[in-house]
Amino acid sequence: MINSHPSSIISPKAKIGENVIIGPYCVINDDVKIGNNVQLKAHVYLDGNTTIGDDCVFFPYCSIGTIPQDLKYKGEESNLVIGSNNIFREYVTVNPGTEGGGLITRIGNNCLFMISSHIAHDCLIGNNVVMVNNASLAGHVVVEDFVIMGALSGAHQFCRIGKHSMIGGLSGVDSDVIPYGTVMGNRAYLSGLNIVGLKRRGFSKETIKNLRKVFNILFHEQGETFANRIKLVAEEFNENEPVMEIINFLNKEKSRSVCKPKNVNK
97 MINSHPSSII SPKAKIGENV IIGPYCVIND DVKIGNNVQL KAHVYLDGNT TIGDDCVFFP
157 YCSIGTIPQD LKYKGEESNL VIGSNNIFRE YVTVNPGTEG GGLITRIGNN CLFMISSHIA
217 HDCLIGNNVV MVNNASLAGH VVVEDFVIMG ALSGAHQFCR IGKHSMIGGL SGVDSDVIPY
277 GTVMGNRAYL SGLNIVGLKR RGFSKETIKN LRKVFNILFH EQGETFANRI KLVAEEFNEN
337 EPVMEIINFL NKEKSRSVCK PKNVNK
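Numbering-wise, the working numbering comes out as the position in the sequence shown, counting from 1, plus 96.
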C-alpha cells in the first residue's frame with residue numbers, strides 16, 4: 097500500500113514498493129524504482145533511472161537522480177543505485193553516472209547524508225558512510241565503508257577515501273586518503289590515524305598498536321623511499337588484514353597522489 101499526499105505528482109510508470117509514504121509536493125518521475133518502507137517527507141524530487149532500496153528516508157528538498165553537473169554529459173542513459181536504510185537530510189543532491197565513469201553512481205547501505213551534502217556523477221559510496229552538513233564529492237570519487245566527512249569538506253574528482261577514515265571539517269581533499277587515516281586542512285594533509293573511530297568500532301588494542309607502527313614506518317621512517325617502505329610493511333605484516341588493506345590501497349592503480357603528513361620523508 098502507498099500512502100501518498102494528493103499534492104504529489106507520481107508517474108504511473110514509476111515502480112513503488114509496499115508501505116511507502118509520500119508526503120506533500122513530491123515528484124516521482126517515470127524510471128524511478130522505490131523499495132519497501134521508504135519515506136519521502138515533503139518536496140522530494142526523484143528523477144532518472146534511479147533505484148532506491150528499502151527503508152530509506154528523504155527529508156524535504158532532496159534532489160535525487162537529476163542529470164549530472166558535467167559539461168561532457170550528452171544525455172546518455174545512466175543510473176543511480178541507492179541501497180537500503182539510508183537517510184538523506186534536507187537539500188541533499190545526488191547525480192547519476194556518465195559515460196566517462198561507467199554510467200552509474202552507487203550508494204551502499206546504512207549511510208547518513210546530512211543537510212546540503214552533494215554526491216556527484218560516478219561516485220561509488222560504501223556502507224555506513226556519514227557526510228556531515230555541506231560535505232561535497234566531485235565526480236568519480238570512491239568512498240569506502242565507515243568513512244566520516246566533516247562539515248564543509250570536499251573531495252576532488254577521482255579521489256579515493258579509504259575505509260574507516262575521517263575527513264576533518266573544512267578540509268579540501270585533493271589526494272587519496274589511506275584506510276584508517278585522518279586528514280585535515282586545505283589542502284588536506286594526513287594528520288594521523290582515526291584512533292577514536294577505531295576504538296568506537298571495537299578494534300582491539302593490538303590492532304591499533306600495529307596500525308600505529310605501520311603508520312610510523314610508512315610516513316616517518318628515514319632511509320628508504322616510500323615505495324620501499326610499502327614493500328617492507330607488506331613483508332612483515334602480510335597476514336595482518338587491516339595493515340594489508342592499507343598496503344593494497346597504496347598499491348592499487350590510482351589517478352591521484354596519496355595524502356601524506358606535512359614535511360614527510362618522500
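Glycine included, every Cβ here is placed at the ideal spot set by N, Cα and C.
The Cβ neighbour count for P164, taken over all protein chains shown within 10 Å, is at least 16; the residue is labelled buried.
Contact annotation: G149 and V128 have beta-carbon atoms that are not nearer than 8 angstroms. With a beta-carbon spacing of about 17 angstroms, N125 and C152 fall beyond the 8 angstroms limit used to define contacts. In the structure shown, the three-state DSSP call for A284 is coil. Residue range E337 to N347 is occupied by the alpha helix (DSSP H) that includes V339, with no beta strand (DSSP E) assigned at that position.
Shown here, R185 sits in coil according to DSSP, grouped into three states, outside any helix or strand. Assignment of R352 by DSSP, reduced to helix, strand and coil, places it in the coil class. L136 sits away from S174, with the two beta carbons spaced by 8 angstroms or more. In this structure the segment 313–324 does not lie against the segment 228–238, because fewer than three pairs of beta carbons, one per stretch, are closer than 8 angstroms.
Ranked by Cα distance from P102, the options K109, P192, I117 and K111 are led by I117. Taking the Cα positions, I215 is about 6 angstroms away from T189. D272 is bridged by DSSP to V354. When the five nearest sequence neighbours on each side are left out, the beta carbons in the same chain lying within less than 8 angstroms of the beta carbon of L289 are those of Y276, G277, T278, I304, L307, R308 and F311, in order along the chain. Between the alpha carbons of M245 and I203 lies a gap of roughly 15 angstroms.
For R202, the uninterrupted beta strand (DSSP E) run begins and ends at I200 to I203, by DSSP. Note: M227 is bridge-paired with F209 and M245 in the DSSP secondary-structure output.
Residue range F322 to E332 is occupied by the alpha helix (DSSP H) that includes N324.
In the DSSP assignment, N312 falls outside any beta strand (DSSP E) and lies within the alpha helix (DSSP H) extending over K301 to H316. The closest CA to that of T201, considering only R185, G179, F184 and I211, is found on G179. Our two residues, F209 and V225, have alpha carbons roughly 8 angstroms apart in a direct line. Looking from the CA of F299, the closest CA among P338, V269, G131 and K170 belongs to P338.
Taking the C-beta atoms as reference points, I257 is found no nearer than 8 angstroms to N229.
In the DSSP assignment, L294 falls within the unbroken alpha helix (DSSP H) covering I291 to R296.
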